[in-house]
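Counting the sequence shown from 1 gives a position; this note's numbering is that position plus 116. Ideal placement from N, C-alpha and C gives every residue a C-beta, glycine not left out.
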Amino acid sequence: MAATPSTMLPLGTNAPDFSLPDTLSGKTHNLADLKSEKATVVMFICNHCPYVIHIKDELANLANIYSHKGVSFIAISSNDVENYPQDSPELMKQWINELGDPFPYLYDETQEVAKTYQAACTPDLFVFDGNLKCAYRGQFDDSRPGNGKPVTGNDLKIALDEILEGKQVSIEQIPSIGCNIKWKK
């Protein structure tokens with residue numbers, strides 16, 4: 117479990133567009149289909165990463181709470197499934213069903229979307245405001261597998277609350293830490 121930090125896309129960057137299949141519905145979605153007029157969270161995750169597994173329940177809970185406030189959540193897996201079959205689209209579908217389908221879980225087979233977002237790890241979180249400008253990128257919270265800190269989602273909650281209030285995100289934006297994205301060779 118090598119700890120890889122996120123690369124921190126520059127604040128103010130426009131959300132890169134994408135067109136990816138949803139593993140649950142089978143439909144192809146682009147950013148315009150899924151974005152919110154208030155805030156959009158784009159998350160690079162995967163099924164098997166211990167860092168993602170550590171936060172998945174609270175992430176689903178937070179997505180359910182904030183979706184009722186008009187925030188859109190989009191999960192993307194970009195891992196190489198040939199070498200990491202536990203991240204296959206079929207198992208992604210099972211994983212998101214077990215969580216109660218709190219957000220679309222898209223598959224980035226070519227890994228181009230991850231590269232465009234400069235995603236480096238799982239989980240890697242990006243929050244875009246209503247104009248699709250990057251307002252937050254960084255950690256979910258300071259809990260990590262084995263560090264004994266509770267999973268709260270506080271960093272993401274604070275960022276979302278401030279964006280929803282029309283404010284600039286004031287908290288220190290600390291890189292996310294997780295497993296590296298499993299790039300194709």
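Member of the options whose CA lies at the smallest distance from the CA of residue i
i      : options                           : result
Gly294 : Ser259, Tyr221, Glu206 and Thr156 : Ser259
Gly282 : Pro201, Phe244, Gly262 and Ile181 : Phe244
Ser122 : Ile212, Ala275 and Phe256         : Phe256
Phe99  : Thr226, Asp217 and Tyr167         : For the chain, the structure presents residues 117 to 301; residue 99 sits outside this window and is missing.
Leu272 : Gly262, Pro261, Glu288 and Asn263 : Glu288
His184 : Gly254, Gln284, Leu276 and Thr129 : Leu276
Leu215 : Leu280, Leu140 and Glu198         : Leu140
Thr120 : Leu178, Pro137 and Tyr167         : Tyr167
Thr129 : Gly246, Asp217 and Leu178         : Gly246
Ile279 : Val157, Gly262, Asn177 and Ala176 : Val157
Gln284 : Gly262, Lys249 and Asn263         : Lys249
Ala179 : His145, Asp217 and Glu198         : Asp217
Boundaries of the alpha helix (DSSP H) in which residue i is found, first to last residue
i      : result
Pro205 : Pro205 to Glu214
Ser135 : First-last for Ser135: Ser135 to Pro137, but that is the beta strand (DSSP E), not the alpha helix (DSSP H).
Asn177 : Pro166 to Ser183
Ala251 : Taken as a continuous stretch (DSSP letters only), Ala251 belongs to no alpha helix (DSSP H), being part of the beta strand (DSSP E) at Cys250 to Gly254.
Alpha-carbon to alpha-carbon, residue j and residue i
i      : j      : result
Met124 : Pro239 : 12 Å
Glu206 : Cys165 : 17 Å
Phe189 : Phe219 : 6 Å
Tyr200 : Leu147 : 26 Å
Gln210 : Ile169 : 14 Å
Asn270 : Glu174 : 10 Å
Leu150 : Tyr221 : 11 Å
Ile212 : Leu136 : 16 Å
Gly262 : Glu198 : 29 Å
Ile290 : Gly254 : 5 Å
Beta-carbon proximity check, residue i vs residue j, cutoff 7 Å
i      : j      : result
Cys162 : Asp203 : yes
Tyr233 : Ser193 : no
Gly186 : Lys154 : yes
Asp196 : Lys265 : no
Val267 : Ile181 : no
Phe160 : Ala251 : no
Ser286 : Leu241 : no
Ala191 : Ile297 : no
Segment limits, beta strand (DSSP E) that includes residue i
i      : result
Thr156 : Ala155 to Phe160
Ile190 : Val187 to Ser193
Gly294 : Ile293 to Asn296
Thr144 : Thr144 to Asn146
beta-carbon residue i near the ligand COA non-hydrogen atom, thresh 6 Å
i      : result
Cys295 : This structure lacks the ligand COA; in fact it carries no ligand of any kind.
> Which parts of the region 261 to 290 are runs of the alpha helix (DSSP H), unbroken and 4 residues or longer, counting only runs that do not cross its ends?
Replying inline: For the region 261 to 290, whole alpha helix (DSSP H) runs of length 4 or above, ordered along the chain, are 270 to 280.
> What are the start and end residues of each continuous beta strand (DSSP E) run of 3 or more residues lying completely inside the region 211 to 242, in chain order?
Replying inline: 221 to 223
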